[in-house]
Amino acid sequence: MDIVKLRELLEAELSSTDLNELDEDFYVEFDSLIKALKLSAESSRERGEDVEERLYLAQLKIAESLMKEIIKLRLHKIVDLAVEGKIAEMTAEEKRLFNVIRAFIEREELPEISEEVQPQEESEVEAEYRPKDVPKEAYIIQIDLPAVLGPDMKEYGPFMAGDMAIIPAVIGRALVEREVARKVRISF
């Protein structure tokens, strides 16, 4: 996902009265984009690259602005669908919202709204493309390091000199090669 795709999605939402179909992981991809832009800006700042930092921050602002408009348009359409009692293609998050609005309209008991996503059965295709667990290892960090984005799109760090960190092996190997961390073995 990038700003160009967000712009295209916004244009599609603006040009249609119907709810446009999104990838099921659209919101997760957006969160990853925002996290990556923030980390890139922070990394640029730490390297003293002011122009690069400002570019990343400008991209961040544009991405967040586009997303707010997309969400606003989609929310209006979801409310309209709920009022009309029609179902359309939605992400899991949007379906939960639709169900709450629909229950409210029908004067039914409102479903519990929780922070946790309820586990759903996944299809064979979803299981095949689900991110695998990233193997993690223990390392002693030897210098202060900023947060880094791992292969699982999770943020690791920031780290202080002397910290012991359980991080993905691929990140750990890169740190060891740069002589800023050393691998340790933990036995129980």
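In the UniProt record's numbering, the protein residues as written are 1 to 188. By construction, the Cβ of each residue, glycine as well, lies at the ideal position given by its N, Cα and C atoms.
(1) Extract the residue ranges of the alpha helix (DSSP H) inside the stretch 143-187, only unbroken runs of 4 or more that lie entirely within it.
(2) Identify every residue that forms a DSSP beta bridge with residue 139.
(3) Which two residues bound the contiguous alpha helix (DSSP H) that contains residue 99?
(4) Give the DSSP-derived three-state secondary structure of residue 50 in the structure shown.
(5) What span of residues does the alpha helix (DSSP H) with residue 15 cover, start to end?
(6) How is residue 80 classed by DSSP in three states: helix, strand or coil?
(7) Report buried or exposed for residue 13, applying the criterion of at least 16 other Cβ atoms within 10 angstroms of its Cβ.
(8) Quick one: residues in its chain with C-beta nearer than 7 Å to the C-beta of residue 157, no 5 flanking neighbours on either side, listed in chain order?
(9) Grouping DSSP H, G and I as helix and E and B as strand, with all else coil, what is residue 19?
(10) Can you tell me whether DSSP reads residue 86 as helix, strand or coil?
(11) Just how far apart, CA to CA, sit residue 77 and residue 32?
(12) If we count Cβ pairs, one from each stretch, closer than 8 Å, do we get three or more for the stretch 89-104 versus the stretch 39-53?
(13) Would you mind working out which of 10, 152, 22 sits nearest residue 68, comparing C-alpha positions?
(14) Quick check: what's the CA-CA separation for residue 185 versus residue 141?
(15) Where does residue 168 land, buried or exposed, given buried means 16+ other C-beta within 10 angstroms?
Let me lay it out:
(1) With a minimum length of 4 residues, the continuous alpha helix (DSSP H) runs that stay inside the stretch 143-187 are 169-177.
(2) Along the sequence shown, one-based indexing puts residue 139 at 139. BP columns for residue 139 point to 165, 183.
(3) Numbered from its first residue, the sequence shown carries residue 99 at position 99. Judged by DSSP secondary structure, residue 99 falls within the alpha helix (DSSP H) whose first and last residues are 92-105.
(4) Within the sequence shown, residue 50 is the residue found at index 50, counting from 1. Helix, per DSSP.
(5) Along the sequence shown, read from residue 1 onward, the residue named residue 15 stands at position 15. Looking at the DSSP string, the run of the alpha helix (DSSP H) that includes residue 15 is 3-15.
(6) The sequence position of residue 80 within the sequence shown is 80, counting from 1. In the structure shown, residue 80 falls within a helical segment according to DSSP collapsed to helix, strand and coil.
(7) For this step, residue 13 is matched to residue 13 along the sequence shown. With 16 or more Cβ atoms within 10 Å of its Cβ, residue 13 is classed as buried.
(8) As a working mapping, residue 157 is identified with position 157 in the sequence shown. Shown here for residue 157: same chain residues with a beta carbon closer than 7 Å to its own, the five before and five after excluded, namely 145, 146, 147, 148 in chain order.
(9) Indexing the sequence shown from 1 puts residue 19 at position 19. Reduced to three states, the DSSP call for residue 19 is coil.
(10) For this step, residue 86 is matched to residue 86 along the sequence shown. Residue 86 falls in the coil class under three-state DSSP.
(11) Residue numbering aside, residue 77 sits at position 77 when the sequence shown is read from its first letter. Residue numbering aside, residue 32 sits at position 32 when the sequence shown is read from its first letter. A direct Cα-to-Cα measurement between residue 77 and residue 32 gives close to 25 Å.
(12) Segments in contact, no.
(13) As a first step, residue 68 is located in the sequence shown; it is residue number 68 there, counting from the start. That would be 10, whose Cα lies nearest to the Cα of residue 68.
(14) For the purposes of this step, residue 185 is taken as the residue at position 185 of the sequence shown. For the purposes of this step, residue 141 is taken as the residue at position 141 of the sequence shown. Straight-line Cα distance between these residues: approximately 14 Å.
(15) As a position in the sequence shown, residue 168 is number 168, starting the count at 1. Per the 10 Å Cβ criterion, buried.
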